[in-house]
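Okay, so here's the structure we're looking at.
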């Protein structure tokens, strides 16, 4: 299997198989150091009152894709990553279908990473774009009063 089509590593997949990502039914399709592909099928739970995908869902999908890529890059150094900035633009309303988010790194430093992502509908039209800046946390760092746990969840 080519690197650009590799399934998500277990260590990354397990980090994004619970919480909001599970609730919104996001699926990591590909995770490499150079690209992340995430998909989700539009469901009524994704809608805002006018029957289109809520902007927060677009933000969450972009942040998840970017975070998975940054996290995979930082994993080899024993680091964790947390988003510190998410700028998402909503380009086209979506009512149905499958959304595919592709994220790629712009910078990957030891202290921070910057990733950008584009979400497209099944026709290949851009529905949202975004950039996420992530802070790389050293092993043993504290976050919200607790030590960051880098163990893989089962």
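Numbering (this note's numbering), first residue to last: 30 to 183. All C-beta atoms in this analysis are idealised placements derived from N, C-alpha and C, irrespective of residue type, glycine included.
query	result
Measuring straight from C-alpha to C-alpha, what distance separates residue 55 and residue 97?	12 angstroms
Helix, strand or coil for residue 134? Go by DSSP, reduced to three states.	strand
Of the choices 47, 87 and 75, whose alpha-carbon is the least far from that of residue 147?	87
State the beta-bridge partners of residue 143 as determined by DSSP.	136 and 162
Are the beta-carbon atoms belonging to residue 145 and residue 160 less than 8 angstroms from one another?	yes
Only counting the same chain, and skipping five residues up and downstream in sequence, which positions put a Cβ closer than 7 angstroms to that of residue 99?	110, 142, 144 and 163
Judging by CA-CA distance, which residue of 170, 61 and 52 is the nearest neighbour of residue 74?	52
Restricting to Cα atoms, I'd like to know which of 129, 140 and 81 is closest to residue 122.	81
Quick check on residue 183: buried or exposed, where buried means 16 or more other Cβ atoms within 10 Å of its Cβ?	In this prediction, residue 183 scores a pLDDT of 34, lower than 50, which makes its location untrustworthy; no coordinate-derived value is stated.
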